[in-house]
Each structure stands twice: as C-alpha cells, then as structure tokens.
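FYI, UniProt numbering numbers position 13 of the sequence shown as 13, with every residue one higher than the one before it.
Just so you know, even glycine gets a beta-carbon here, dropped at the ideal spot from N, CA and C.
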Amino acid sequence: MKDKESKIKQGIQLMRALRDFSQHPNYEFLFPDHYKLHEIVGPLLHIHCPKDCQCQMNFSVPYSDQVQELQGAAFSCLGQLVHNDHRLERQEPDQFNLYSNLQQGYVVQVHSGYEHIISNITQYTSNLSVTPHNSQQQYYSSPSSPIFTLQLRDNPCSLGGILHLYSSLLYRSKMHLMIATRFPNVASSMIKLARFERKVHQGTFRSKQAKEIRLRSIGILVMMCPRSYQEQQFQMVREWKVINCFIDSFSVAGGSEEQYKDMNEIALKGVYTVMTSLRTESVLSPIKPELQKESQEDCESMGGMEEIESHQFRRVKRNDLIRLESSKAKIAMLNIRWKSQEQRGIYWW
C-alpha cells in the first residue's frame, strides 16, 4: 500500500514538473521529442472514467485525494501540451503539419476526450451545493449571487485540471467550440463554476485552486457565447443569467474583492461578448430584442454599469487592458440601451 502511495506521489510530482517545464518559452528546443508527450500522458485520462462513458480503457485505483490530484495534474499537463501545439502551429507551420497528420486531435479522437471531459464536469457540478441564504449574506450584497461549494470528498485539483484541458481544446479549434455548443449542460456548469467557492477557504491551497476554476470557467463562457445556437443563448441569458455571472466576477460592490486583474479583464470581455452576440445578425445568432431587454435589466439590477465604469479608474498593473475591456463593455451596454429605449438602429462611436 505504501509503495502504491509513493508511486502516486511521484506521478503527481512528475506531471506537475512536466507541465511547468512545458511552459518554458524554448521547451521545444530543450526537449526535441516533445510531440511524444501526448502518448505518454494521454492514458492517464482514464483514471476513474465516469460510468456513463462505458470506457474500455478505464483503470481504477483506490479512491483517494492523491488519486484525484494525479488525475488533475495529468489533465492540466495535457492542457498545457495542447496549448503549446496551438503556439507551435503558428510558429513552426512546416514542422507542425508533419506532426499533425499523426497527432492532431489525439486527445479527442484516440481517448474520447470530449466524452470524458464533459462527463467529469457534469459529475462535479452535480455534487455542487449552494451555500445557505443566511451564511450567504456575509459574502454578498446581492441575494442573486450564490456560492457553490463541493462536498468534502471532492478535490478541486482534479476539476482545475479538467478545465485547463477543456479550455485549451476550445482555444485551439473553432470546430471544438462548435462541438461544445451542442452540449447545453456545459454552459450551465460553467456558470455554476464561475461562482465556485468565492470568499471560502481564504488563504489556503484550496482557495488558489478555486480561483483557477473560476477564471477558466469564465474564459470558456466567453469563447462559447458568440457561437452558441439560439436556444442555448436564450437559456444562458434568461435562465442561467450569464450577465449576472460576469458582473459578479468583476464586481467589488458585489463582494468578490479578489483584486484579480485576469478575472476582471476576461469578465469585462464577457459582458462585451454577450452584448455584441445578441445584436449580431447571423444565422446562428439573429437579433433578439427580448434578450437584449432582459440582459439590460439584469445588468441594471446588479448595478452593472457602475461596476463597469469603476474599472476605468483602477490603479493596477495591466490597467490599460482592463480599461479597454471596460470601455468596450460600456459601449456595448449603451448600444443595447439605445436600441431598447428608442427602437432605432445600433450606433457606434
């Protein structure tokens, strides 16, 4: 038993070291055979495969926090490798084309990556519970902003790794994004995870993992919104309140107080992305006046415009990018307001 535990610990350390090493700007030169890493790490996706996948490559080990950490480290390592593939595809197209014939889509095709990722995400979000209303008040000024927490037996390390891989796959390919929009439970899960354990376990390792989960969930939502089909956009705006989710993420008055520049930047971008996608006349996303009105009302109920404007004056590093996204979000909100109030065309400054 001790021998198994020591091997699992070694595996966790190896996966994390490999992920950190692959973030080195010149790692492809330091490790010429980096294309083979997919084959080495890929089988670890099948640790405790969800039952609904009926996976024949599944291998089980005694359930423990360490096993979940190993699974999360393997997912995160693969996510970094997929992200590197996207970078190498731009920097070294000739070499990558030779490689891509054999390896491109390896995680998705060989290991049924999408089925495993979505099943794992669904499994985790089904175990999420909402913090009771009386304890919620100490964290939030808005009663519409719940805190979702996992049961104690679930380890956020595994969930963080899964989201790392999923966001890397979506970032790399528009085709993967189109596939993602066909699974409505993914968007609802991301909206839940965007509020995962805020102001809970402050200053602990679990708090750092929760922050990463929230950031990657918001990033996935921003990528999915413009390419979602009409029915899913109705659900995202009307049922799941995606605008409220974004405003919660960068709202200081709403209680986040994370002072997290990456989160603020990407959540502001999310408001802009949703607003512009609601008024883009296309086959997938026709103009929807009723959704425009509802999104505007949701924003006003959260004090969203004031929160957006407040980020134009913040003194933080990389404030230029935050101010830019804040300005874009404000313009998008004003365009929606003019459209709903005056029933006229959309104007740009």
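In this structure, Val271 lies near Phe246, with their beta-carbon atoms less than 9 angstroms apart. With respect to the C-alpha of Gln71, the residue from Ser277, Lys36, Gly161 and Glu265 having the closest C-alpha is Gly161.
Judged by DSSP secondary structure, Lys2 falls within the alpha helix (DSSP H) whose first and last residues are Lys2 to Ser22. Under the three-state reduction of DSSP, Ile147 is assigned to coil, being neither helix nor strand.
Beta-bridge pairing by DSSP links Ile47 to Phe59. Secondary structure note for Leu159: its alpha helix (DSSP H) is the uninterrupted segment Pro156 to Arg172. CA-CA distance, Cys299 to Ile191, rounds to 16 angstroms. For Asn185, the CB contacts under 7 angstroms within the same chain, skipping 5 residues up- and downstream, are Thr122 in chain order. In this structure His116 is in contact with Cys53, their Cβ atoms being roughly 6 angstroms apart against a cut-off of 8 angstroms.
Here DSSP, grouped into helix, strand and coil, assigns Ser64 to coil. DSSP places Asn244 inside the alpha helix (DSSP H), whose first and last residues are Val242 to Phe250.
Looking at the DSSP output, Ser129 bridges to Thr149. Per the C-alpha coordinates, the member of Gly79, Lys328 and Val130 positioned closest to Arg19 is Gly79. Residue range Leu37 to Val41 is occupied by the alpha helix (DSSP H) that includes Glu39. Under the three-state reduction of DSSP output, Phe183 falls in the coil class, being neither helix nor strand. In the assembly as shown, Phe59 is an exposed residue. Its beta-carbon has fewer than 16 other beta-carbons within 10 Å. A distance below 7 angstroms between beta-carbons, with the five flanking residues on each side excluded, links Arg16 to the following residues of its chain, in chain order: Ala73. The residues Gly79, Val82 and His83, in chain order, have a CB closer than 6 angstroms to that of Ser168 in the same chain once the five nearest residues on each side in sequence are set aside. The beta carbons of Thr273 and Cys225 sit closer together than 9 angstroms.
Going by beta carbons, Leu163 and Ile220 fall inside the 9 angstroms limit.
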